[in-house]
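Worksheet: one structure, shown below.
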Amino acid sequence: MSKQALLVMDVQRVIVDRYPDPAYLPRLRKAIDAARADGVPVIHVTVGFRPGAPEVSARNKMFGRLAGVRLPAAAAQANEIHPDVAPEPGDILVTKRRVSAFAGSDLDMVLRANGIDHLVLTGIATSGVVLSTLRQASDLDFTLTVLSDGCLDNDPEVHRVLTEKVFPTQADVTTVAEWVAAH
Numbered sequence: 001m002s003k004q005a006l007l008v009m010d011v012q013r014v015i016v017d018r019y020p021d022p023a024y025l026p027r028l029r030k031a032i033d034a035a036r037a038d039g040v041p042v043i044h045v046t047v048g049f050r051p052g053a054p055e056v057s058a059r060n061k062m063f064g065r066l067a068g069v070r071l072p073a074a075a076a077q078a079n080e081i082h083p084d085v086a087p088e089p090g091d092i093l094v095t096k097r098r099v100s101a102f103a104g105s106d107l108d109m110v111l112r113a114n115g116i117d118h119l120v121l122t123g124i125a126t127s128g129v130v131l132s133t134l135r136q137a138s139d140l141d142f143t144l145t146v147l148s149d150g151c152l153d154n155d156p157e158v159h160r161v162l163t164e165k166v167f168p169t170q171a172d173v174t175t176v177a178e179w180v181a182a183h
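Spelled out as structure tokens, the structure:
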């Protein structure tokens, strides 16, 4: 029998602030609450680096500006998971070092140690962490579900193309409400 986990990816304050959708966090909260009520593990994945970001190459187009930079203490709070979907005791926290939830993290080890073979993906952004994680998870033979309205992107057309045309080739795509009703 398949064992699912709900991945809540990159829902950090600093990221949420760049994607203003007042309905997103309450909707995501419904998925998280349903997962917890059904005994589905909730795994919060965040992007983060050590002080000075020694794991970042200056050649990396997305993160290179952080290489060698000592961020102020306020940056740590900005990178916290948004309080509206904050982890609770029993949730699993994973820190990644690049776009995919698997890149530089122990996610694969956590999933395999817990017998999880089906990932339910949510997060910000659809064209970033969700796409990268979906591709890698598919290559690792995980069964996948994407909650289309549990994902956000700053380009609605990119979000639509990914959730309607690209993701269905490797995952079941459904809505938060449909997934919650099934649990």
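Numbering (the numbering used here), first residue to last: 1 to 183. Cβ atoms here follow ideal geometry from the backbone N, Cα and C, with glycine treated the same way. The structure presented is a predicted model; accordingly, all values stated were derived computationally and were not measured.
- In the assembly as shown, LEU147 is a buried residue. Its beta-carbon has 16 or more other beta-carbons within 10 Å.
- Around the beta carbon of GLY39, fewer than 16 other beta carbons sit within 10 angstroms, so the residue counts as exposed.
- Taken atom to atom, the span from the alpha-carbon of HIS82 to that of HIS44 is near 11 Å.
- Annotation: the continuous alpha helix (DSSP H) that includes HIS159 extends over 156-161.
- A distance below 8 Å between beta-carbons, with the five flanking residues on each side excluded, links VAL94 to the following residues of its chain, in chain order: ILE43, HIS44, VAL45, THR46, ALA101, SER105, ASP106, LEU107, VAL110.
- C-alpha of CYS151 to C-alpha of ILE92: approximately 20 Å in a straight line.
- Burial state of GLY90 is exposed, judged by a 10 Å Cβ sphere holding fewer than 16 other Cβ atoms.
- By the Cβ-count criterion, ALA23 is exposed, with fewer than 16 other Cβ atoms from all chains shown falling within 10 Å of its own Cβ.
- Note on geometry: alpha-carbon atoms of ALA125 and ASP10 lie some 8 Å from one another.
- Contact check for THR122 against LEU28 passes: the beta carbons are separated by less than 8 Å.
- With a 10 Å radius around the Cβ and a threshold of 16 neighbouring Cβ atoms, LYS96 comes out buried.
- Using a 10 angstroms sphere on the CB of ALA181, the tally of other CB atoms stays under 16, which defines it as exposed.
- Per DSSP, the continuous alpha helix (DSSP H) segment holding LYS30 begins and ends at 24-37.
- If you look at SER138, you'll find it isn't in any beta strand (DSSP E); it sits in the alpha helix (DSSP H) that goes 131-139.
- Excluding five sequence positions before and after VAL85, the CB atoms of its chain that fall closer than 7 Å to its own CB belong to VAL8, VAL11, LEU25, LEU28, ARG29, ILE32, given in chain order.
- Put simply, the backbone Cα of PRO41 is about 6 Å away from that of LEU6.
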